[in-house]
Each structure stands twice: as structure tokens, then as C-alpha cells.
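**Student:**
Protein chains in written order, with the working numbering: chain U, -19 to 296; chain S, 47 to 409.
#1: Have a look at S:235, S:127, S:230, S:126 and flag the residue whose alpha-carbon is nearest the alpha-carbon of residue 78 of chain S.
#2: Compute the Euclidean distance between the alpha carbons of residue 129 of chain U and residue 211 of chain U, then round it to the nearest angstrom.
#3: Report the start-end ranges of each alpha helix (DSSP H) in the segment 261 to 322 of chain S that is 4 residues or longer and not cut off at the edges.
#4: Looking only at its chain, what residues have a beta carbon closer than 7 Å to the beta carbon of residue 72 of chain U, apart from the 5 residues adjacent to it on each side?
#5: Given a cut-off of 8 Å on the beta-carbon distance, is the pair residue 48 of chain S and residue 88 of chain U in contact?
#6: For residue 197 of chain U, which beta-bridge partners are listed by DSSP?
#7: Inspect the CB distances between the segment 168 to 180 of chain U and the segment 19 to 30 of chain U and report whether three or more fall short of 8 Å.
#8: Could you give the distance in angstroms between the alpha-carbon of residue -10 of chain U and the alpha-carbon of residue 14 of chain U?
#9: Give me the chain S residues within the contact set of residue 29 of chain U, using Cβ-Cβ distance strictly less than 8 Å, ordered along the chain.
#10: Spatial neighbours of residue 213 of chain U within its chain, please: C-beta separation below 6 Å, excluding the five flanking residues on both sides.
#11: Taking Cβ to Cβ, would you say residue 93 of chain U is nearer than 8 Å to residue 255 of chain S?
#12: How long is the line joining the alpha carbons of residue 53 of chain S and residue 363 of chain S, rounded to whole angstroms?
#13: What are the residues of the segment 53 to 71 of chain U that lie near chain S, defined by any Cβ-Cβ distance shorter than 8 Å?
#14: Compile a chain-ordered list of the residues in the segment 248 to 270 of chain S whose CB is closer than 7 Å to at least one CB of chain U.
#15: Out of S:221, S:258, S:156, which one is the CA nearest neighbour of residue 190 of chain S?
#16: Using a C-beta cutoff of 8 Å, does residue 144 of chain S count as contacting chain U?
#17: Report all residues from its chain with a CB closer than 7 Å to the CB of residue 404 of chain S; omit the five preceding and five following residues, and keep chain order.
#18: Look at the alpha carbon of residue 303 of chain S and the alpha carbon of residue 270 of chain S, and state the distance between them as a whole number of angstroms.
#19: Just to confirm the assignment: which complete beta strand (DSSP E) runs, minimum length 3, are found wholly within the segment 200 to 279 of chain U?
#20: Taking the alpha-carbon of residue 172 of chain U as reference, which of U:189, U:257, U:123 has the nearest alpha-carbon?
#21: Checking 8 Å against the spacing of the C-beta atoms, do residue 124 of chain S and residue 117 of chain S come in under that value?
#22: Quick one: is residue 151 of chain U buried, meaning 16 or more other Cβ sit within 10 Å of its Cβ, or exposed?
#23: In whole angstroms, what separates the C-alpha of residue 46 of chain U from that of residue 169 of chain U?
#24: Looking at the C-beta of residue 207 of chain S, does it have a partner C-beta in chain U at a distance below 8 Å?
#25: What residues in the segment 98 to 122 of chain U bring their beta carbon closer than 9 Å to a beta carbon of chain S?
#26: For residue 82 of chain U versus residue 107 of chain U, is the C-beta distance shorter than 8 Å?
#27: Report the CB separation of residue 80 of chain U from residue 284 of chain S in whole angstroms; it is logged as a contact under 8 Å.
#28: In whole angstroms, give me the CA-to-CA distance for residue 281 of chain U and residue -5 of chain U.
#29: State yes or no: is the beta carbon of residue 61 of chain S nearer than 8 Å to at least one beta carbon in chain U?
#30: From the DSSP secondary-structure annotation, give me the bridge partner or partners of residue -4 of chain U.
#31: Quick one: give me the first and last residue of the beta strand (DSSP E) that residue 125 of chain S is part of.
#32: Identify the contact partners of residue 245 of chain S in chain U, using a Cβ-Cβ distance below 7 Å as the criterion.
#33: In chain order, what residues of the segment 263 to 287 of chain U put their CB closer than 9 Å to some CB of chain S?
#34: Is residue 181 of chain U helix, strand or coil when you go by DSSP?
#35: Answer yes or no: does any C-beta atom of chain U fall closer than 8 Å to that of residue 210 of chain S?
#36: Which same chain residues, not among the five before or five after residue 209 of chain S, have their C-beta less than 7 Å away from its C-beta?
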């Protein structure tokens, strides 16, 4: 799909000092970012970081308490009706009418948007053509997400909001959704994606912003974030907890991954020598030594403070 | 700007969901039909004369004429008991409490003008005993009159006024049409509104050009359609299965339009202001069930105790059923107009509140 030339020069989303409060809780605390045409931009963050509130403000579903927001040049709260004709959206935990088939739903949306579409072609694009006549209530979790994805494409949107589109899906279904998102990018559509999955963001996003407690704590391309926030490389060995305890007591910075692996942070070259010497002195068994660079996941966990739930998800 | 094509598209989705779920279809069309067949069969059929026993200790032509006169009323059927039997024990042995003893000397005393007493057995708490006693008293009166005028046996004549010609089914049909106008939109809209809110379907729809007014109007259209179909089914069953005498005039139409509008709005309001699907169902039932039974659906309101009649006057469904009765049963259009005015005002207020409280998106 071709985007208009004039669109290419303007940001599709511009957010400046956005604020949203729920009573005394600052759900969004003055964040700023922009999304360029044809770009996949990902908001990352643990539960309660403010991602969904942000995306719902951008969709025009929620009023903001402060700051400026422009989506496709429009204020989403004031001009939601006009804006929605140009947006595609999958809300978090997408649900639809129990007794409506994917094909009927696409035709229903086409009538609401006043457009003519080839329902079969849209369902084929999202790999849902094999169950086009099945009621929503009888579809699997992955098929339901693809159902939502199909509806978000009916009005040929310039910008697509995907709020955790792969949460709860099995790896195969997740990869099928990724394929559709890649296709959207190829067609020149901008995508704002929120996700828990770091791998998903690394696979799909041109740029990411990491949110925590209503603030953006890091942003840029995944590579830029790694370069900017990485505290160096890590020396990884296979060994037990006894050795980890010994190394900590020896003054080294150590992480335990849960797979009988110990990661020793190497902030300067001498740290490698010191670590090897300490390992040798310890007399504990170890194997499989390697030097590893910090990933986006490592940085994310470190920046948001390692919540238990997030850590588990990041490992999966 | 309101779009007919968007309303039509939403109406099609609503209709499909309603028909495919089957629950809605059952309660909207099948359940009222079951009720009309059930209540119609119970109350509209002829119950026949009450059975009672008679012991004729006189065995004269006059006592025979007296028994014949009682049987000819078609209100009681008398079974003779042998004169030698103990009458009260005979009744107990036949599980009956109703009977008459004609004493020895009945004819002789009657002819010479000496008082003679019949003995009537009965249970004061039983309506059948009251019937036996009442009809015996009537025939006794007739015999007394007959003696004074030197005429022979006189039958019992019953007098009727117009309203007594109406059958139960004539009240039942408007009541069940009202029942259908209430239950189908009310239960469905409480459920739909609270579930859509929980599942964020309103948010989903708000991201399309469909407006909340169009969405609501498509629901009203659908329940108008359901109400009319249900109305036709009940009229056909009532008239052809039970011989109901109901007037089918254009004055019914306003009730079939404003009634569903009122209960679609009320259901939506309950679903909107409730915090969860469960609490919406509880509130919906608390409003619907008293209305279902106290508004004259199954029995005329004036047959209920006074305090319940007072409560009934505060229930919107009362005016729907009262109005339908005034149009279909009594042809009293003046009163029907007042009933229509009341439900129109209630519908307007409820609709306004539902639209004000119902939100597509959040602040």
C-alpha cells in the first residue's frame, strides 16, 4: 500500500508532556515521544507502567489531564470520530460478539466504515481464512487475536494500534501475528505496539520506549538502548549457587539466571582477570565459560527493577 | 449524522446473535406461548358441575322433583345415597364434604305449609361447598315461591352482565403481551450492556463510525420486531386455541412501540450503572420480577389485596397491561389514552437517563 507523499514528512503521533491521573495515582507522568510514518514503535513496560492508558488516550478513548497529543494531526479526544476512520485498533484482551463469524464481522465493520472490502482477502492476510465461518466463541485465543487484527485492517488504516496483541498466545500463534505486523510495515503503515515480550519488540520495532511507573525511562532503537544503557559485557559460566555466593563475597557483581548459570558483570577489562582468579581460588566446579553482551531484556529488567512476573515472562 | 446503513448493519448482527443464542429466542417467542397454552388450558376450559351426594329419606314425587331441579342447574351433580346408610360416614368414605339430606315428610309438610329443613353438609373453607349451598338455597327459594303461586317446580335462572361474559383468556392475552414487552428487552439489555462493558465491546465499537444513538436505535428496532412477532403469535393462539374475544385495533400499536422502548432503555440503564455483570443481573431481577407478577400479567390487579394494588400503580408495566386491556378487552379508549400518557412519560425519562449515563468512552 502506498502512503501519501505529504504524510511522509509529518509524525503520525506527537506526544508532549502527557499526563493522566487516577485520583492520587500518576498513571502517566509527563511523557513525550513521537512516531514517524511507516514506523513500528513499541511501548515496553511491566504491568501498571501506563502503556494502556497512554495508548487509550492516543486512540481517543480516554481524556488526558495534561500535555499535548496529536494523532495524524488531530486531537484524539476532540476529534475522535474523524480520527477513528483512519485508525486500526486491537484493544488489550480483544473480545467480540459471541455468535458472529470472522467473515460476518469484517462485513459488519465494512458497513460501519462505509467501505467495500473483500472479506475473504482480509481474512487470508491474517491467516484466518480457514475458520472464516466459525463463531467467535468457538475460536482459540490465537484465532481471536487474528480476528481482531482483521477488523483493525477493514478501513485501510494509516496507523494501527496494537495493545499487547500476542499476550497469552502460543509461540506459533505469536509468530503468525508477527508476520501480519511485518506485512503492515511493508505496506507503509505506522504501528504503535505495546508488549510485555522483549523479543517481540526486538523482532518488530524500529524504535522502542521503555515505560515504568508512568514515565519513559529509556527510548531509541533497540541497538541505541543497548549501547546507551549497557553496563558492559558479562562473563557467564555454568556453576552452582555456592560459587555465586563465594564470588559475591569476593566483591564481584553477580546475577543468577536460574539455569545453573552465573553471570559476572565485566565493567572493565581487569574484572575478567579478577573473576577468573576468584573462580580458581574457590575450588568449586564450573564449566562452559563464555563472554556475553547485555541484551535489551537484561537492560529492561535492570531498568524496571526486576518484578517477579516480568522476569518470568522475559525468560519464556 | 445518523446513518441508516450503520443501523441496518448493527441490526443484522443483533438479530443473528439473538437467533443463534437460542436463549433469547426461547424467552421472547416460545416461553410466552407456553404460558398462554398453560394458563389458557387451566383457566379457560369448562370445569363442569360440582359433585355432591344426596340422601332422599322422603322418596316422594316432590323430593324427586327437588333433586331433578338441582341437577338441572348444571352447577351440581347429585349422587344418591341409600336411605339406610349413615350419611356423614358415607361422605367420609367417599372423600367428600358436600351433601344434602332430604328429611322424611318433606312432601307432606311442604304441601300443608309446615316448615321443613333440609340438611346441607359442607366445608366452610371450600368453594365447592359454597356452590352446593348457594344453588340449594336458590332452588329452595324457587320451591317456596312456587308453593305461594300454586305453580309447580321452578328452575334457577342466572342473570349476566357484559363483563361476566368475558373469559380468563381475554384478560390473559393482554397480560402476556405486556409480559413479553417487559421480559425480552429488559433481560437482554441488562445482560448485553453489562457484558459489553465488561468485555470492552463498547470501546471497540466506539472506534468505528457507529454512534451510541445508532447502536441504541438498532436495539429498539429489534425489540419492536420481536414484540410484534410475539404479539401476533399470542393473538393467534388465544383466538384460535381458546376462542378469546379481543379487539385488534390500531390503538394497540402505540403500546407495542413505547413499551419496548421503555424496557430497552430501563435494561440499558441498569446494565450501565451496575458495576458488574452479576450485580446488573441482581438489580435487573429485583426490578423485573415484582413487575412481572404484580402488574396484572396473570390475574387482574383488582383481585389482589389493596396494598398490592397500591404497589402495582407504581409499576410501569401496570400501565402497559392496563392500557392493552382497555384497548383489547374493554374497548375503553379514553382510559387507554391515560395509560399511554403515563408510559410515554416514563419511557421518555428512562430513555433520557439511559442515554446520559451510557458512555462509549471514558473520561
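Every residue gets a Cβ at the ideal spot worked out from N, C-alpha and C, and that includes glycine.
**Tutor:** In brief:
#1: Within the second chain, numbered from 1, the residue matching residue 78 of chain S stands at position 32. Per the Cα distances, S:230.
#2: Locating residue 129 of chain U in the first chain gives position 149, counting from the first residue. Locating residue 211 of chain U in the first chain gives position 231, counting from the first residue. Distance between the alpha carbons of residue 129 of chain U and residue 211 of chain U: 38 Å.
#3: 299 to 319
#4: Here residue 72 of chain U refers to the residue found at position 92 when the first chain is read from its first residue. In its chain, beyond the 5 residues on either side, 32, 143, 144 have a beta carbon closer than 7 Å to the beta carbon of residue 72 of chain U.
#5: The count along the second chain starts at 1 and reaches residue 48 of chain S at position 2. The count along the first chain starts at 1 and reaches residue 88 of chain U at position 108. Taking 8 Å as the Cβ cut-off, residue 48 of chain S and residue 88 of chain U do not qualify as a contacting pair.
#6: Along the first chain, one-based indexing puts residue 197 of chain U at 217. Residue 197 of chain U has no beta-bridge partner at all, per DSSP.
#7: By the C-beta criterion, the segment 168 to 180 of chain U is judged to be in contact with the segment 19 to 30 of chain U, since at least 3 inter-stretch pairs fall below 8 Å.
#8: Along the first chain, one-based indexing puts residue -10 of chain U at 10. Along the first chain, one-based indexing puts residue 14 of chain U at 34. Answer to the nearest angstrom: the Cα atoms are 10 Å apart.
#9: Taking the first chain and counting its residues from 1, one reaches residue 29 of chain U at position 49. Near residue 29 of chain U there are no residues of chain S at all, since even the closest Cβ is about 19 Å away, more than 8 Å.
#10: For the purposes of this step, residue 213 of chain U is taken as the residue at position 233 of the first chain. Counting only Cβ-Cβ distances below 6 Å, and skipping sequence neighbours, we find 246, 271, 273.
#11: Indexing the first chain from 1 puts residue 93 of chain U at position 113. Indexing the second chain from 1 puts residue 255 of chain S at position 209. In this structure, residue 255 of chain S lies closer than 8 Å to residue 93 of chain U by Cβ.
#12: Translated into positions along the second chain, residue 53 of chain S becomes position 7. Translated into positions along the second chain, residue 363 of chain S becomes position 317. Straight-line Cα distance between these residues: approximately 28 Å.
#13: 60, 61, 64, 65, 67, 69, 71
#14: 249, 250, 252, 253, 254, 255, 256
#15: Stepping through the second chain from its first residue, residue 190 of chain S is reached at position 144. Checking every option, the nearest Cα to that of residue 190 of chain S belongs to S:156.
#16: As a position in the second chain, residue 144 of chain S is number 98, starting the count at 1. For residue 144 of chain S, the answer is no, since every Cβ of chain U falls outside 8 Å of its Cβ.
#17: Start at 1 with the first residue of the second chain, and residue 404 of chain S comes out as number 358. Excluding sequence neighbours, residue 404 of chain S sits near 258, 314, 318.
#18: Start at 1 with the first residue of the second chain, and residue 303 of chain S comes out as number 257. Start at 1 with the first residue of the second chain, and residue 270 of chain S comes out as number 224. Roughly 6 Å separates the two Cα atoms.
#19: 213 to 219, 234 to 236, 241 to 246, 266 to 273
#20: Translated into the one-based positions of the first chain, residue 172 of chain U becomes position 192. With distances taken between Cα atoms, residue 172 of chain U lies closest to U:189.
#21: Taking the first residue of the second chain as position 1, residue 124 of chain S is located at position 78. Taking the first residue of the second chain as position 1, residue 117 of chain S is located at position 71. A contact, by the Cβ cut-off of 8 Å.
#22: Mapped onto the first chain, residue 151 of chain U falls at position 171. Residue 151 of chain U should be labelled exposed.
#23: The residue labelled residue 46 of chain U in the question sits at position 66 within the first chain. The residue labelled residue 169 of chain U in the question sits at position 189 within the first chain. Straight through space, the alpha carbons of residue 169 of chain U and residue 46 of chain U are spaced by roughly 28 Å.
#24: As a working mapping, residue 207 of chain S is identified with position 161 in the second chain. Caution is warranted here: a pLDDT of 37 is assigned to residue 207 of chain S, below 50, making its placement in the model unreliable, and no coordinate value can be reported.
#25: 115
#26: As a working note, residue 82 of chain U is residue 102 in the first chain. As a working note, residue 107 of chain U is residue 127 in the first chain. No, they are not a contact pair.
#27: Here the question's residue 80 of chain U lines up with position 100 in the first chain. Here the question's residue 284 of chain S lines up with position 238 in the second chain. That pair is no contact at about 36 Å.
#28: The sequence position of residue 281 of chain U within the first chain is 301, counting from 1. The sequence position of residue -5 of chain U within the first chain is 15, counting from 1. Taking the straight line from one Cα to the other gives about 25 Å.
#29: Numbered from 1 along the second chain, position 15 holds the residue referred to as residue 61 of chain S. No, its Cβ sits nowhere closer than 8 Å to a Cβ of chain U.
#30: By 1-based counting over the first chain, the position of residue -4 of chain U is 16. DSSP output for residue -4 of chain U lists U:48 as bridge partner(s).
#31: For the purposes of this step, residue 125 of chain S is taken as the residue at position 79 of the second chain. Unbroken beta strand (DSSP E) run through residue 125 of chain S: 122 to 126.
#32: Stepping through the second chain from its first residue, residue 245 of chain S is reached at position 199. Ordered by position in chain U, the residues that pass the 7 Å Cβ test against residue 245 of chain S are 75.
#33: none
#34: Along the first chain, one-based indexing puts residue 181 of chain U at 201. DSSP places residue 181 of chain U in helix when its eight states are reduced to three.
#35: Stepping through the second chain from its first residue, residue 210 of chain S is reached at position 164. At residue 210 of chain S, the pLDDT of 43 sits below 50, so the modelled position is not reliable and the matter cannot be decided from this model.
#36: Position 163 of the second chain holds residue 209 of chain S. With a pLDDT of only 44 at residue 209 of chain S, under 50, the local geometry of the prediction cannot be trusted, and the value read off the model is given with reservation. Around residue 209 of chain S: no qualifying Cβ.
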